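S.K.: With our numbering applied, the sequence shown covers 488 to 792.
Beta carbons: idealized from backbone N, C-alpha and C, even for Gly.
Because the structure is a prediction, the values reported are computed rather than measured.
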Amino acid sequence: MSQPEALEALNATPRTTVITLLEKLRRGEPITMLTAYDFPTARAVDEAGVDAILVGDSLAMVVLGYDDTLRVTMDEMLHHCRAVSRGARRALLIGDMPFMSYQAEAAEALRNAGRFLKEGGMHAVKLEGGRAVADTIRKIVAAGIPVLGHVGLTPQSRHAMGGYLVQGRTAASARGLLDDALALEGAGCFAVVVESVPAQVAAHLTQRLSVPTIGIGAGAQVGGQVLVLHDMLGLYDRLSPRFVKRYAALGAEMTEAARAYRREVEAGIFPGPEHAYTMTEQEWRTFAGENGGCRARPVSFGRSG
Ligand code: KIV
Numbered sequence: 488m489s490q491p492e493a494l495e496a497l498n499a500t501p502r503t504t505v506i507t508l509l510e511k512l513r514r515g516e517p518i519t520m521l522t523a524y525d526f527p528t529a530r531a532v533d534e535a536g537v538d539a540i541l542v543g544d545s546l547a548m549v550v551l552g553y554d555d556t557l558r559v560t561m562d563e564m565l566h567h568c569r570a571v572s573r574g575a576r577r578a579l580l581i582g583d584m585p586f587m588s589y590q591a592e593a594a595e596a597l598r599n600a601g602r603f604l605k606e607g608g609m610h611a612v613k614l615e616g617g618r619a620v621a622d623t624i625r626k627i628v629a630a631g632i633p634v635l636g637h638v639g640l641t642p643q644s645r646h647a648m649g650g651y652l653v654q655g656r657t658a659a660s661a662r663g664l665l666d667d668a669l670a671l672e673g674a675g676c677f678a679v680v681v682e683s684v685p686a687q688v689a690a691h692l693t694q695r696l697s698v699p700t701i702g703i704g705a706g707a708q709v710g711g712q713v714l715v716l717h718d719m720l721g722l723y724d725r726l727s728p729r730f731v732k733r734y735a736a737l738g739a740e741m742t743e744a745a746r747a748y749r750r751e752v753e754a755g756i757f758p759g760p761e762h763a764y765t766m767t768e769q770e771w772r773t774f775a776g777e778n779g780g781c782r783a784r785p786v787s788f789g790r791s792g
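(1) What does L616 pair with, by DSSP beta-bridge criteria?
(2) Within its chain, find whatever has a CB closer than 8 Å to the CB of S727; leave out the 5 residues flanking it on each side and keep chain order.
(3) Could you give the DSSP three-state label for A745: helix, strand or coil?
(4) Just to confirm before moving on: does the CB-CB distance between I632 and A674 stay below 9 Å?
(5) State the Cα-Cα distance for the pair R530 and L580, rounded to the nearest angstrom.
(6) Who are the near neighbours of V715 in its chain, counting only those whose CB is closer than 7 Å to its CB and skipping five residues on each side?
(7) In whole angstroms, what is the alpha-carbon distance linking L614 and L565?
(8) I'd like the list of long-range same chain contacts for V680, defined as Cβ closer than 6 Å, with 5 residues on each side in sequence excluded.
(9) Locate the alpha helix (DSSP H) running through Q694, then write down its first and last residues.
(10) Is there at least one non-hydrogen atom of the ligand KIV closer than 8 Å to the beta-carbon of H637?
(11) Just curious, the alpha helix (DSSP H) that E770 is in, first and last residue?
(12) Cβ atoms of I627 and A670: under 9 Å apart, would you say?
(13) What separation, rounded to the nearest whole angstrom, lies between the Cα atoms of G792 and P760?
(14) Among residues of its own chain, excluding the 5 on either side of F603, which ones have a beta-carbon nearer than 6 Å to its beta-carbon?
(15) Within its chain, find whatever has a CB closer than 7 Å to the CB of A659; leave out the 5 residues flanking it on each side and keep chain order.
(16) Does the beta-carbon of P491 have 16 or more other beta-carbons within 10 angstroms, so that it is buried, or is it exposed?
(17) So is Y748 buried or exposed if we call it buried at 16+ other beta carbons inside 10 Å?
(18) Quick check for students: name the residue ranges of the beta strand (DSSP E) that lie wholly in the stretch 554-598, counting only runs of 3 or more.
(19) By the 10 Å Cβ neighbour count, where 16 or more other Cβ atoms means buried, how is D533 classified, buried or exposed?
(20) Taking 8 Å as the cut-off, does the CB of E682 come closer than this to any heavy atom belonging to the ligand KIV?
(21) Could you pull the start and end residues of the beta strand (DSSP E) that I506 belongs to?
(22) Any heavy atom of the ligand KIV closer than 8 Å to the CB of D538?
(23) Expressed to the nearest angstrom, what Euclidean distance is found between the alpha-carbon atoms of R502 and A763?
(24) Does Q712 come out as helix, strand or coil in the three-state DSSP assignment?
(25) Taking 9 Å as the threshold (beta carbon to beta carbon), is V713 in contact with chain C?
(26) Determine the extent of the beta strand (DSSP E) in which L521 is found, giving its start and end residues.
(27) Among R662, G706, Q712, which has the Cα closest to the Cα of Q508?
(28) Pull up the distance between the alpha-carbon of Y524 and that of G649, whole angstroms please.
(29) Rounded to a whole number of angstroms, what is the C-alpha to C-alpha distance between V634 and M561?
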């Protein structure tokens, strides 16, 4: 299939929904999810045929340069969600609820979840936490908003966890994770992200749940995978968890492109004649005659444009 044909086929593909993901789980097909944060990244991920795009609060770190995810606000998240919704035509779009937008009160959580759909153009939301947020999730789901759960390493609780630590490494902790994941399923989550958990524990959760698990640092025996786009593209190197696979080195490529541009401008190589606009010689002569000429003549006298 040629590239235009592949694009046409993709555009004709109906929008992925939470039902599509459940059907993939039933067929035993892995679900694919990546983060995206703006129009070009959403377009790229969508055109790659990835099932779901998460506008993760990881944008606080990888796009906005904060040290962690705690400071990003609802308004910042919605701003990025809108850009993503303009760039993606096919993928299921999930907005990540930022720290303190859902923890204090269920009514506030519900209003904020609604904003992701009404103002952000998202189709679903994600919340971190297990049993502690199950009642809140139940209310959001009852309002018709699909919810993706998130257990294991939950970065919004980094201070409570003592850092970005692998979770579920002891039997007691693994038992807690299972209870959390089952509570999320019971509350109506359509899927559950499982982050930084031993592969055996993630595989067990996957077996026990009837909804898909989406792993990140959780091994291969899960319903699907998610990665932070800027990690896998080599655009963010402040943290490099073991579970990240780098598929490109775009950060280095961007620096190299900017360096080449600087060199060419400094050496007078860019812009070349092909980058310049022109005017007719007659118009130039008239203008130059009126204005006492000009030492620097236009590069060429072609069709003006
Ligand atoms: O914010 C995010 O990008 C996430 C993923 C790592 C699952 O929560």
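M.R.: Concretely, from the data shown:
(1) The identity of residue 616 in the sequence shown is Gly, whereas the question assumes Leu. Per DSSP, H637.
(2) D718
(3) helix
(4) With contacts defined by Cβ atoms closer than 9 Å, I632 and A674 do not form a contacting pair.
(5) Whole-angstrom Cα-Cα distance: 12 Å.
(6) Contacts found: T522, G543, S545, V549.
(7) Each residue's Cα considered, the two are about 15 Å apart.
(8) H637, I701
(9) 686-695
(10) yes
(11) 768-777
(12) no
(13) Low confidence applies to G792: its pLDDT is 47, below 50, so where it sits in the model is not reliable enough to give any reading.
(14) G582, M609, V612
(15) none
(16) Its Cβ having fewer than 16 others within 10 Å, P491 is exposed.
(17) exposed
(18) 579-583
(19) D533 should be labelled buried.
(20) yes
(21) Here I506 belongs to no beta strand (DSSP E); instead the alpha helix (DSSP H) covers 505-514.
(22) no
(23) Their backbone Cα atoms lie some 42 Å apart in a straight line.
(24) The answer is strand: DSSP assigns Q712 an E or B state.
(25) Any reference to chain C falls outside this structure, which holds one protein chain only.
(26) 518-522
(27) Per the sequence shown, the amino acid found at residue 508 is Leu instead of Gln. Considering only alpha carbons, the answer is Q712.
(28) Y524 and G649: Cα-Cα distance of roughly 28 Å.
(29) 17 Å
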